[in-house]
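Down below is the structure, laid out as structure tokens.
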Amino acid sequence: MNIKRLKGTQDILPAEAGLWQFVERISSKVFSSYGYKEIRTPIIEETRLFTRSVGKETDIVKKQMYSFLDQGNRDISLRPEETASVVRAYIENRLDNTEGFVKLYYMGPMFRSERPQAGRYRQFNQIGVEAIGSCSAYLDAEIIILLDNLLKELGLSGYSFNINSLGCKKDKSNIINILKKELQDSISELCDDCKVRYDTNVLRILDCKRDDCKKAVKSISIKGVLCQSCEEGFLSLQEILKSNGVEFTVMPTLVRGLDYYTGLVFEVSAGLLGAQDAIAAGGRYDNLVSDLGGPKQGAIGFALGLERVIQLLLNTKTLAVVNEGVSVFVVTMGEQAYQAGFDILYKLRCADISSDIDYQQKSLKAQMRYADKIKAGYVLMLGDDELKSGQAILKNMKDGSQLEIGLDSIVEDVKRIKDKV
Ligand code: HAM
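The sequence shown begins at 1 in this note's numbering and counts up one residue at a time.
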């Protein structure tokens, strides 16, 4: 077949899917323990949702969105991120009226037409949270502590938190003015993208990775620009994080590539990953709910890149812990035993004991080899003699020990033996 998957997309095969389920399971568990509830929103949205939230001059909206006109001539996009969709759902479903303060989490695919490279895909998955309805510095702290807690629960280490504050809307516009003023004489030294950014999105010049742009912004100081209340909020967040044992670095050049941020912005980077080292990122967006037509509500969230977290886990952990086989593999000799074995499978499965049987008419030896390969916990051996006597052998595949069990009491016997282990 000549049809291949699209560039920048991935097939997640069973050998790795267990690891994905592990990350998803731990994430749901941690989010629930912090009081977050799941929300699921559509993958397609009106394009203007992202133009108005992420920002029409951002790289994401300008260069990376999969947008199309549908049969009804509606301008639609595959979501490039989920914060905008969650805020849309919050407003549309009047969650401010019914729930007031909400804590939500989500998992799912996002789409950005970026140049694919290691850790950068065109379809990728995010796991994220959004808390809407509070401006508290304690909520900022909770979001960061939660993310740190999640990464630790996943067994990760060696990552670091970089944080910064863009201040309120007024502070942010002051920062923009300072940058424009300070950079006006060195525009010609900037890279082509940053020359355009100077007019459209000057903040992004601060986190451009090119040497010339880094040099141009190096001596610019935006220290002391924050108003008193933003400065105090940012300092009090740092105190709360310290007293909770979360390590972080204040990075004044961190601005993030989406327009909706004000106040706290942060990124988690993991050195092991190379160029695409941000495994998670987020921040406050206190004006987005009202900008999209809802009430004035403080809000904050983050999203982690699932593919990057999986890559880190693959670098640091063995897959064996995650990929478990069925509990019982039924090995049979002869047609009658196969039929009886097939009936037994149904009983075991109804009792929540995962089980399987051969479907390729393999020899006895090959069935045993296969049971070993798929990491079955036990093998139930059935032949004519066993059918006659009503007793069969259950072999423990880990230690090789064997036990005789009754075919009439198979479910109870298997349960008893498994519980003992
Ligand atoms: P973002 O920084 O654009 O923020 O994406 C968050 C994370 O998604 C990144 O740190 C990275 O791990 C992953 N990611 C982004 N693009 C790709 C890609 N092309 N391939 C693989 N992974 C990728 C947001 O999306 C915001 N909505 C986060 C947020 C939530 N802010 C507030 N609430």
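Just so you know, even glycine gets a beta-carbon here, dropped at the ideal spot from N, CA and C.
Next item on the list: Report the three-state DSSP secondary structure of residue 231 (helix, strand or coil).
Entry: Your numbering for residue 231 matches position 231 in the sequence shown. Reduced to three states, the DSSP call for residue 231 is helix.
Notebook entry, point to check: residue 180: which of 171, 97, 201, 366 sits nearest, CA to CA?
Noted result: Within the sequence shown, residue 180 is the residue found at index 180, counting from 1. Among 171, 97, 201, 366, the Cα nearest to that of residue 180 belongs to 201.
Check: Mind pulling the beta strand (DSSP E) runs of 3 or more residues that sit fully within the stretch 247 to 290?
Finding: Segments of the beta strand (DSSP E) lying fully in the stretch 247 to 290: 248 to 250, 264 to 270, 278 to 284.
Item checked: Collapsed DSSP secondary structure at residue 109 in the structure displayed -> Against the sequence shown, residue 109 aligns to sequence position 109. Residue 109: strand per DSSP, three-state reduction.
Item checked: Residues that DSSP places opposite residue 302 in a beta bridge -> Indexing the sequence shown from 1 puts residue 302 at position 302. Residue pairing by DSSP puts residue 302 in a beta bridge opposite 129, 282.
Note to self: Between which residues of its own chain and residue 401 is the CB-CB distance below 6 Å, once the five residues before and five after are set aside?
What the structure shows: Locating residue 401 in the sequence shown gives position 401, counting from the first residue. Excluding sequence neighbours, residue 401 sits near nothing in its chain.
Check: Count the other CB atoms within 10 Å of the CB of residue 423; is the residue buried (16 or more) or exposed (fewer)?
Finding: The structure shown does not extend to residue 423, since the chain is modelled only from 1 through 421, so no value can be given for it.
Margin query: Does the distance between the C-beta of residue 271 and the nearest non-hydrogen atom of the ligand HAM fall short of 7 Å?
Written below: Mapped onto the sequence shown, residue 271 falls at position 271. No, the Cβ of residue 271 stays beyond 7 Å of every heavy atom of the ligand HAM.
Item checked: Exposure label - residue 334; buried when at least 16 CB within 10 Å -> On the sequence shown, position 334 is the one that residue 334 refers to. Burial call: exposed.
Notebook entry, point to check: Which class does residue 65 belong to by DSSP, given the choice of helix, strand or coil?
Noted result: Position 65 of the sequence shown, counting from 1, holds the residue named residue 65. Reduced to three states, the DSSP call for residue 65 is coil.
Check: Relative to the alpha-carbon of residue 326, which residue among 309, 311, 337, 355 has its alpha-carbon at the smallest distance?
Finding: The count along the sequence shown starts at 1 and reaches residue 326 at position 326. Nearest option by C-alpha distance: 355.
Next item on the list: Check whether the stretch 106 to 113 touches the stretch 271 to 281, counting contact only when three or more Cβ pairs, one atom from each stretch, lie closer than 8 Å.
Entry: no
Note to self: Just list the residues that DSSP pairs residue 380 with in beta bridges.
What the structure shows: The residue you call residue 380 lines up with position 380 of the sequence shown. 330, 394, per the DSSP bridge assignment.
Next item on the list: Just mark residue 148 as buried or exposed, buried being the case when its beta carbon has 16 or more other beta carbons within 10 Å.
Entry: Within the sequence shown, numbered from 1, the residue matching residue 148 stands at position 148. Answer is buried; the Cβ neighbour count reaches 16.
Check: From the beta carbon of residue 138, is the nearest beta carbon of chain D less than 8 Å away?
Finding: In the structure shown, chain D cannot be found, because there is only a single protein chain.
Notebook entry, point to check: Are residue 191 and residue 204 close, meaning C-beta to C-beta below 8 Å?
Noted result: Indexing the sequence shown from 1 puts residue 191 at position 191. Indexing the sequence shown from 1 puts residue 204 at position 204. Cβ distance not < 8 Å, so residue 191 and residue 204 don't count as in contact.
Checklist line | Rounded C-alpha distance that separates residue 248 from residue 161 | finding: The sequence position of residue 248 within the sequence shown is 248, counting from 1. The sequence position of residue 161 within the sequence shown is 161, counting from 1. If I take the Cα positions, the gap works out to 5 Å.
Next item on the list: Taking the CB atoms as reference points, tell me whether residue 301 and residue 131 lie closer together than 8 Å.
Entry: Translated into the one-based positions of the sequence shown, residue 301 becomes position 301. Translated into the one-based positions of the sequence shown, residue 131 becomes position 131. Contact flag set, yes.
Item checked: Minimum C-alpha distance to residue 146 - residue among 58, 63, 244 -> As a first step, residue 146 is located in the sequence shown; it is residue number 146 there, counting from the start. The shortest Cα separation from residue 146 among 58, 63, 244 belongs to 244.
Margin query: Quick check on residue 157: does DSSP put it in helix, strand or coil?
Written below: Translated into the one-based positions of the sequence shown, residue 157 becomes position 157. Three-state result, residue 157: coil.
Note to self: Classify residue 316: buried if its beta carbon has 16 or more other beta carbons within 10 angstroms, exposed otherwise.
What the structure shows: Position 316 of the sequence shown, counted from the start, is the residue given in the question as residue 316. Around the Cβ of residue 316, a 10 Å sphere holds fewer than 16 other Cβ atoms; the residue is exposed.
Notebook entry, point to check: Relative to the ligand HAM, is the shortest distance from any of its heavy atoms to the C-beta of residue 124 smaller than 7 Å?
Noted result: Taking the first residue of the sequence shown as 1, we reach residue 124 at position 124. Yes, the Cβ of residue 124 comes within 7 Å of a heavy atom of the ligand HAM.
Note to self: Let's see if you can read the secondary structure: which residues bound the beta strand (DSSP E) around residue 402?
What the structure shows: Taking the sequence shown and counting its residues from 1, one reaches residue 402 at position 402. Per DSSP, residue 402 belongs to the beta strand (DSSP E) from 402 to 406.
Checklist line | Within 8 Å, strictly: CB atoms of residue 77 and residue 67 | finding: Stepping through the sequence shown from its first residue, residue 77 is reached at position 77. Stepping through the sequence shown from its first residue, residue 67 is reached at position 67. Yes; because the gap between Cβ atoms is below 8 Å, this pair is in contact.
Check: In this structure, what does DSSP give as the bridge partners for residue 142?
Finding: Translated into positions along the sequence shown, residue 142 becomes position 142. In DSSP, residue 142 forms no bridge with anything.
Checklist line | Nearest-angstrom Cα separation, counted from residue 117 out to residue 312 | finding: Taking the sequence shown and counting its residues from 1, one reaches residue 312 at position 312. Taking the sequence shown and counting its residues from 1, one reaches residue 117 at position 117. Taken atom to atom, the span from the alpha-carbon of residue 312 to that of residue 117 is near 16 Å.
Notebook entry, point to check: Alpha carbon to alpha carbon, how far is residue 371 from residue 324?
Noted result: Residue numbering aside, residue 371 sits at position 371 when the sequence shown is read from its first letter. Residue numbering aside, residue 324 sits at position 324 when the sequence shown is read from its first letter. So the alpha carbons of these two residues sit roughly 12 Å apart.
Checklist line | Span separating the alpha-carbon of residue 250 from that of residue 164 | finding: Here the question's residue 250 lines up with position 250 in the sequence shown. Here the question's residue 164 lines up with position 164 in the sequence shown. C-alpha separation (whole angstroms): 6 Å.
Checklist line | residue 109 versus 1, 83, 176, 193, residue with shortest Cα-Cα distance | finding: For this step, residue 109 is matched to residue 109 along the sequence shown. Among 1, 83, 176, 193, the Cα nearest to that of residue 109 is on 83.
Check: Excluding five sequence neighbours on each side, which residues of the same chain lie with their C-beta closer than 8 Å to the C-beta of residue 9?
Finding: Start at 1 with the first residue of the sequence shown, and residue 9 comes out as number 9. So the qualifying residues of the chain are 121, 122, 123.
Note to self: With a threshold of 8 Å on Cβ separation, who are the neighbours of residue 12 within its own chain once the five nearest residues in sequence on each side are excluded?
What the structure shows: To locate residue 12, count along the sequence shown from 1; it is residue 12. So the qualifying residues of the chain are 20.
Item checked: Supposed contact pair residue 288 and residue 299 - C-beta distance, whole angstroms, cut 8 Å -> Stepping through the sequence shown from its first residue, residue 299 is reached at position 299. Stepping through the sequence shown from its first residue, residue 288 is reached at position 288. For a cut-off of 8 Å, the C-beta gap from residue 299 to residue 288 is around 7 Å, short enough to register as a contact.
Next item on the list: Classify residue 3 as buried or exposed, calling it buried when 16 or more other Cβ atoms lie within 10 Å of its own Cβ.
Entry: Numbered from its first residue, the sequence shown carries residue 3 at position 3. The residue is exposed, with fewer than 16 neighbouring Cβ atoms inside 10 Å.
Margin query: Closer than 7 Å to a non-hydrogen atom of the ligand HAM - does that hold for the CB of residue 121?
Written below: As a position in the sequence shown, residue 121 is number 121, starting the count at 1. Yes, the Cβ of residue 121 comes within 7 Å of a heavy atom of the ligand HAM.
Item checked: At least three beta-carbon pairs within less than 8 Å, the stretch 379 to 399 to the stretch 327 to 346 -> yes
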